[in-house]
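Numbering (the working numbering), first residue to last: -13 to 261. All residues carry an ideal CB built from backbone N, CA and C; glycine is no exception. To keep things clear, I will list the structure first and then write my remarks on it.
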């Protein structure tokens, strides 16, 4: 009798937990996404296509896509290098460095944009010096890239760091004793084990850069067909009460992000079967 009652209680608890999970996902993800899609296709495929085929919408989507792609590539390389140094080398003040790595997560993105504006703006010493030489950072593409790179920098480091800590140094030390250089050891021994973390950091960085708003709205200038990114474009469409146009561009961004995350999951699943 006690076993039967215990089993019943367990089943009821499991059912309650699953219901809470599904309800949570329904309210926070499924319902908002479904309404975005419903609004984007409110006038059918023709209305959706018209919204994303406008010159300013097409520009902002392609512009944002390539900036996010560049950001993901830069942070994948820099993040892997930074993680390797933090894990493999005795660095003074490592605790402080680790805290600095997470700083972009902790501060509001608008503050990130303000920092870049103060540092590289036309009124700052660095900004004015660069401007005199024909190099514009703020209200130009370099400022947008700096903002994207800054706010997404921790993703790659935190994705690669645990893999380095888990694999240890044994294989690398064996390779050194057999005469391999540091670069050969890293390329043939360390790097293959880091690809899952690099891929995860890349996809998270890309998706986050696509959606960045707070810092970019300060440093980009929001100039249509020049420096306007998708998130700022969506905000402008909402302010103009064009919810269909905002939703259509949002759906394209969702497609970019979901496709990359899906491909990453398929790749991980394939690697798991191969292993």
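Original post:
Taking Cβ to Cβ, would you say residue 184 is nearer than 8 Å to residue 62?
Top reply: yes
Original post:
Out of curiosity, what's the CA-to-CA distance linking residue 54 and residue 198?
Top reply: 9 Å
**OP:** Using the Cα positions of residue 4 and residue 16, report the straight-line distance between them to the nearest angstrom.
**Re:** Straight through space, the alpha carbons of residue 16 and residue 4 are spaced by roughly 16 Å.
Original post:
What distance in whole Å lies between the Cβ atoms of residue 179 and residue 66, which are believed to be in contact at a cut-off of 8 Å?
Top reply: 12 Å between Cβ atoms; not a contact.
Subject >> Assigned exposure category for residue 124 - 16 Cβ within 10 Å defines buried >> reply: Residue 124 sits buried, since 16 or more C-beta atoms from the chains shown fall within 10 Å of its C-beta.
**OP:** Report yes or no: do the region 26 to 44 and the region 229 to 242 share at least 3 C-beta pairs separated by less than 8 Å?
**Re:** Verdict: yes, contact present.
Original post:
Cα separation between residue 240 and residue 98?
Top reply: 24 Å
Original post:
What does a CB cutoff of less than 8 Å around residue 116 pick up in its chain, not counting 5 residues either side in sequence?
Top reply: 106, 122, 123
Subject >> Alpha-carbon to alpha-carbon, residue 249 and residue 130 >> reply: 27 Å
Subject >> Residues of its chain near residue 161, where Cβ-Cβ distance is below 8 Å and the 5 sequence neighbours each way are ignored >> reply: 170, 171, 174, 175
**OP:** May I ask you to report which of helix, strand or coil DSSP gives residue 53?
**Re:** helix
Original post:
Going by the CB atoms, is the gap between residue 140 and residue 90 shorter than 8 Å?
Top reply: yes
**OP:** Could you check the C-alpha separation between residue 214 and residue 196 for me, to the nearest Å?
**Re:** 12 Å
**OP:** Could you check if residue 7 is buried or exposed, using at least 16 other CB atoms within 10 Å of its CB as the buried criterion?
**Re:** Answer is exposed; the Cβ neighbour count stays below 16.
Subject >> Extent of the continuous alpha helix (DSSP H) to which residue 210 belongs >> reply: Per DSSP, residue 210 belongs to no alpha helix (DSSP H) and is neither H nor E.
Original post:
By how many angstroms is the C-alpha of residue 245 removed from the C-alpha of residue 177?
Top reply: 25 Å
**OP:** List the endpoints of the continuous alpha helix (DSSP H) containing residue 80.
**Re:** 80 to 87
Original post:
Who are the Cβ neighbours of residue 220 in its own chain at under 7 Å, not counting the five residues just before and after it?
Top reply: 232, 235, 236
**OP:** Would you mind sorting residue 109 into buried or exposed? The rule is 16 or more other CB atoms within 10 Å of its CB.
**Re:** exposed
Original post:
residue 96: which of 204, 216, 212, 39 sits nearest, CA to CA?
Top reply: 204
Original post:
Around the Cβ of residue 194, are there at least 16 other Cβ atoms within 10 angstroms (buried) or fewer (exposed)?
Top reply: It is buried - the Cβ of residue 194 has at least 16 other Cβ atoms within 10 Å.
**OP:** Determine the direct distance from the alpha carbon of residue 212 to that of residue 242, and round the result to whole angstroms.
**Re:** Approximately 21 Å between the Cα atoms of the pair.
**OP:** Please state if the CB of residue 135 and the CB of residue 60 are separated by a distance shorter than 8 Å.
**Re:** yes
Subject >> Local conformation of residue 111 per DSSP, three classes >> reply: Helix.
Subject >> residue 271 to residue 190 span [Cα, whole Å] >> reply: The structure shown does not extend to residue 271, since the chain is modelled only from -13 through 261, so no value can be given for it.
**OP:** Jot down the residue ranges of each uninterrupted alpha helix (DSSP H) in the region 166 to 221, minimum 4 residues, whole runs only, in chain order.
**Re:** Listed in chain order, they are 168 to 171, 177 to 197, 202 to 205.
Original post:
Does the Cβ of residue 201 have 16 or more other Cβ atoms within 10 Å, making it buried, or fewer, making it exposed?
Top reply: buried
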